[in-house]
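Peer 1: So the sequence shown is numbered by the working numbering: it starts at 1 and just counts up by one. Ideal Cβ positions, reconstructed from N, Cα and C, are used throughout, including at glycine.
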Amino acid sequence: MPCFLCGARQSDPTRGVSPWKRGVRHERQVLVCPDCQLVHDWKADLDRCGRCRSTFLSSRLGEIECHSCGEVRPQTRPALGPARPDAALTNEVEQALSRALSGLSRLSAPRARG
1 MPCFLCGARQ
11 SDPTRGVSPW
21 KRGVRHERQV
31 LVCPDCQLVH
41 DWKADLDRCG
51 RCRSTFLSSR
61 LGEIECHSCG
71 EVRPQTRPAL
81 GPARPDAALT
91 NEVEQALSRA
101 LSGLSRLSAP
111 RARG
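(1) So, at 7 Å on beta carbons, what are the nonlocal neighbours of R48 in its own chain, with the 5 sequence-adjacent residues on each side left out?
(2) Work out the CA separation of L5 and E71 for me, nearest whole Å.
(3) Taking 7 Å as the limit between beta carbons, can you name the residues of its chain near C52, skipping five residues before and five after?
(4) Give me the Cα-Cα distance between K43 and S102, rounded to the nearest whole angstrom.
(5) Is the beta carbon of L57 less than 8 Å from the beta carbon of V24?
(6) For V32, which of helix, strand or coil comes out of DSSP?
(7) Inspect the beta-carbon positions of I64 and R77 and report whether they are closer than 8 Å.
(8) Determine which residues share a DSSP beta bridge with F57 and list them.
(9) From V93 to Q75, what does the alpha carbon distance come to, in whole angstroms?
Right, here's the structure in full:
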(Lines of atoms letter the chains of each structure in order from A and count residues from 1; the text may use other names and numbers.)
(Lines give C-alpha, C1' and ligand atoms only; values in the text may rest on other atoms or scores of the structure.)
Protein backbone atom coordinates (compact mmCIF):
# COMPACT_ATOMS: atom_id res chain seq x y z
CA MET A 1 0.00 0.00 0.00
CA PRO A 2 1.52 3.37 -0.97
CA CYS A 3 1.69 6.54 1.12
CA PHE A 4 -1.64 8.28 0.52
CA LEU A 5 0.09 11.66 0.26
CA CYS A 6 3.05 11.07 -2.07
CA GLY A 7 2.54 7.54 -3.42
CA ALA A 8 5.87 6.19 -2.10
CA ARG A 9 5.87 2.46 -1.47
CA GLN A 10 7.17 0.77 1.64
CA SER A 11 9.96 -1.69 0.92
CA ASP A 12 10.18 -4.97 2.78
CA PRO A 13 9.86 -3.81 6.37
CA THR A 14 12.65 -4.52 8.82
CA ARG A 15 11.93 -6.09 12.16
CA GLY A 16 10.71 -3.78 14.88
CA VAL A 17 8.51 -0.73 14.86
CA SER A 18 7.79 0.66 11.41
CA PRO A 19 8.42 4.38 10.82
CA TRP A 20 5.29 4.39 8.61
CA LYS A 21 2.08 5.52 10.31
CA ARG A 22 -1.42 4.16 9.72
CA GLY A 23 -4.69 5.99 9.73
CA VAL A 24 -8.15 6.07 8.21
CA ARG A 25 -9.15 8.53 5.50
CA HIS A 26 -12.58 8.51 3.88
CA GLU A 27 -13.38 5.24 5.71
CA ARG A 28 -10.30 3.54 4.24
CA GLN A 29 -7.04 2.40 5.86
CA VAL A 30 -4.06 4.46 4.64
CA LEU A 31 -0.32 4.65 5.27
CA VAL A 32 1.85 7.76 5.70
CA CYS A 33 5.57 7.55 4.88
CA PRO A 34 8.22 9.01 7.22
CA ASP A 35 9.04 11.88 4.80
CA CYS A 36 5.42 13.06 4.59
CA GLN A 37 5.15 12.89 8.38
CA LEU A 38 7.91 15.51 8.56
CA VAL A 39 6.77 17.96 5.89
CA HIS A 40 2.99 17.73 5.96
CA ASP A 41 0.26 18.13 8.59
CA TRP A 42 -0.80 14.58 7.72
CA LYS A 43 -3.11 14.05 10.71
CA ALA A 44 -5.33 16.90 9.51
CA ASP A 45 -6.30 14.77 6.49
CA LEU A 46 -7.33 11.71 8.54
CA ASP A 47 -10.79 10.75 9.77
CA ARG A 48 -11.46 11.30 13.47
CA CYS A 49 -13.30 9.32 16.09
CA GLY A 50 -16.81 10.64 16.66
CA ARG A 51 -16.48 10.16 20.42
CA CYS A 52 -12.96 11.33 21.36
CA ARG A 53 -11.75 13.03 18.11
CA SER A 54 -8.60 10.86 17.97
CA THR A 55 -7.03 9.97 14.61
CA PHE A 56 -5.77 6.62 16.00
CA LEU A 57 -8.29 4.60 13.95
CA SER A 58 -8.21 1.37 11.99
CA SER A 59 -10.56 0.14 9.29
CA ARG A 60 -11.40 -3.55 9.04
CA LEU A 61 -14.19 -5.77 7.77
CA GLY A 62 -16.74 -3.00 7.36
CA GLU A 63 -16.09 -1.23 10.65
CA ILE A 64 -13.89 1.51 12.05
CA GLU A 65 -12.26 1.11 15.47
CA CYS A 66 -10.76 3.87 17.60
CA HIS A 67 -7.66 2.67 19.43
CA SER A 68 -7.82 5.61 21.84
CA CYS A 69 -11.30 5.15 23.34
CA GLY A 70 -12.32 1.74 21.96
CA GLU A 71 -15.38 2.91 20.02
CA VAL A 72 -16.28 0.57 17.14
CA ARG A 73 -18.71 1.74 14.48
CA PRO A 74 -19.80 0.47 11.08
CA GLN A 75 -18.38 2.14 8.01
CA THR A 76 -20.80 4.81 6.84
CA ARG A 77 -19.96 4.19 3.18
CA PRO A 78 -18.01 1.55 1.29
CA ALA A 79 -14.29 2.16 1.06
CA LEU A 80 -13.34 3.71 -2.26
CA GLY A 81 -10.95 1.94 -4.60
CA PRO A 82 -7.60 3.43 -5.58
CA ALA A 83 -7.93 6.88 -7.13
CA ARG A 84 -5.59 6.05 -10.00
CA PRO A 85 -3.88 2.95 -11.35
CA ASP A 86 -0.37 2.49 -10.00
CA ALA A 87 1.88 1.76 -12.99
CA ALA A 88 4.92 1.13 -10.76
CA LEU A 89 3.03 -1.48 -8.75
CA THR A 90 1.70 -3.12 -11.91
CA ASN A 91 5.23 -3.37 -13.29
CA GLU A 92 6.58 -4.69 -9.98
CA VAL A 93 3.89 -7.40 -9.83
CA GLU A 94 4.47 -8.40 -13.47
CA GLN A 95 8.21 -8.79 -12.82
CA ALA A 96 7.62 -10.82 -9.64
CA LEU A 97 5.18 -13.12 -11.44
CA SER A 98 7.61 -13.57 -14.31
CA ARG A 99 10.40 -14.54 -11.90
CA ALA A 100 8.14 -16.93 -9.99
CA LEU A 101 6.72 -18.57 -13.09
CA SER A 102 10.12 -18.99 -14.76
CA GLY A 103 11.31 -20.71 -11.58
CA LEU A 104 8.36 -23.09 -11.75
CA SER A 105 9.05 -23.99 -15.38
CA ARG A 106 12.64 -24.92 -14.47
CA LEU A 107 11.36 -27.18 -11.68
CA SER A 108 8.81 -28.95 -13.85
CA ALA A 109 11.06 -29.49 -16.89
CA PRO A 110 11.76 -33.19 -17.48
CA ARG A 111 15.26 -34.28 -16.60
CA ALA A 112 17.38 -36.25 -19.01
CA ARG A 113 18.06 -39.77 -17.83
CA GLY A 114 21.47 -41.11 -18.31
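Peer 2: Let me lay it out:
(1) S54, T55
(2) 27 Å
(3) C66, S68, C69
(4) 44 Å
(5) yes
(6) strand
(7) no
(8) Checking the sequence shown, residue 57 turns out to be Leu, not Phe. Answer is C66.
(9) 30 Å
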